[in-house]
Amino acid sequence: MPTQPRKQRTHQSLAPGDLVAGKYRVLEVLGKGWEANVYLVREKKTGIDRTLKIYHPIRDPRDRTVSWSARKLHRLGHCPVLLQYRTQEEVEMDGRHCTVLVADFEHGESLAAFLKRQPGRRLDFFQALHLLRALAEGLEPIHDLGEYHGDIHDENIIVRRAGTGFHVKLLDLLDLGPARSALVRQDVHQMVRVFYDVLGGARHYRHHPPEIKGIVCGLKSSLMDRKFRSAGQLLQYLDTLEWASR
441 MPTQPRKQRT HQSLAPGDLV AGKYRVLEVL GKGWEANVYL VREKKTGIDR
491 TLKIYHPIRD PRDRTVSWSA RKLHRLGHCP VLLQYRTQEE VEMDGRHCTV
541 LVADFEHGES LAAFLKRQPG RRLDFFQALH LLRALAEGLE PIHDLGEYHG
591 DIHDENIIVR RAGTGFHVKL LDLLDLGPAR SALVRQDVHQ MVRVFYDVLG
641 GARHYRHHPP EIKGIVCGLK SSLMDRKFRS AGQLLQYLDT LEWASR
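Residue numbers for the sequence shown follow the numbering used here, beginning at 441 and rising by one.
Laid out in structure tokens, this is it:
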């Protein structure tokens, strides 16, 4: 029989209490992904909480992705919707070289986890609009530079209640190649999809008022592009939205 190819292994996971680079004590595992694992850690000297993203060397053998992420986070450091990049560390795990990306830690929870605690696991119209507006406002300065996020979904959105709305942070920029208008528009499509999903998706869509359907556009990219081709245009649309009296 032909020999089955050996499955390539990523680095071993860290556990709470482990020390990384002699500086960071692991507090919690925040997520495990195909490309990297993410941890909440505390700096030994300062007591400041940080986020560590440790890239699996088998997925990023030449550190291309981690270097791209660091450069882009630095370039977009003035955009408060993104976690602020701090530094990189080089560590050895399981006899392999691993690159660690160190960024600020944001208190809150993923949108996916937040929705699980809501009645019916969804938001009402005005909560959803506040969330969409917060996302559009956060993405506006990124799109104004012609840049993009590339991977907006409920696991990559950190939310925290703030007054009548939400404070949001976006995780995990995705490298889809050089910045171009199509990728900016894709961010908008992804934001609208999040809006559609937090309102309950297809099961509830037919009951939505015309104003909500006017934003979702039946999830048709061509219709969305006619109304809002960037986060700034979506923000303007939301801020000037007129509601029919009923």
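For glycine and all other residues, C-beta sits at the position ideal for the given N, C-alpha and C. Fair warning: this is a prediction, and the values are worked out from it, not measured in the lab.
- If you draw a straight line from the Cα of L470 to the Cα of D489, it comes to about 13 Å.
- Per DSSP, F606 is one residue of the beta strand (DSSP E) stretching across G605 to L610.
- Of the candidates H647, E651, A622 and L678, the residue whose Cα lies closest to the Cα of S661 is A622.
- For R562, the closest C-alpha among the options F606, D627, F635 and I597 is that of F635.
- For Q630 against I592, the beta-carbon gap comes to about 4 Å, under 8 Å, which counts as contact.
- By alpha-carbon distance to P497, the top candidate from L516, Y464 and V531 is V531.
- Runs of beta strand (DSSP E) with 3 or more residues, each lying fully within the stretch 457-498, are found at 464-472, 476-483 and 489-495, listed in chain order.
- About 22 Å separates the CB atoms of D615 and S550; that is not less than 8 Å, and the two are not in contact.
- Beta-bridge analysis with DSSP links M533 to R536.
- The alpha-carbon of D503 is positioned some 20 Å away from that of L516.
- Inclusion of G560 and G487 in the CB contact set at 8 Å is not warranted, their separation being larger than that value.
- Setting aside the 5 residues that flank it on each side, L613 is surrounded in the same chain by S509, K512, L513, L522, H589, G590 and D591, each with a C-beta closer than 8 Å to its C-beta; the list follows chain order.
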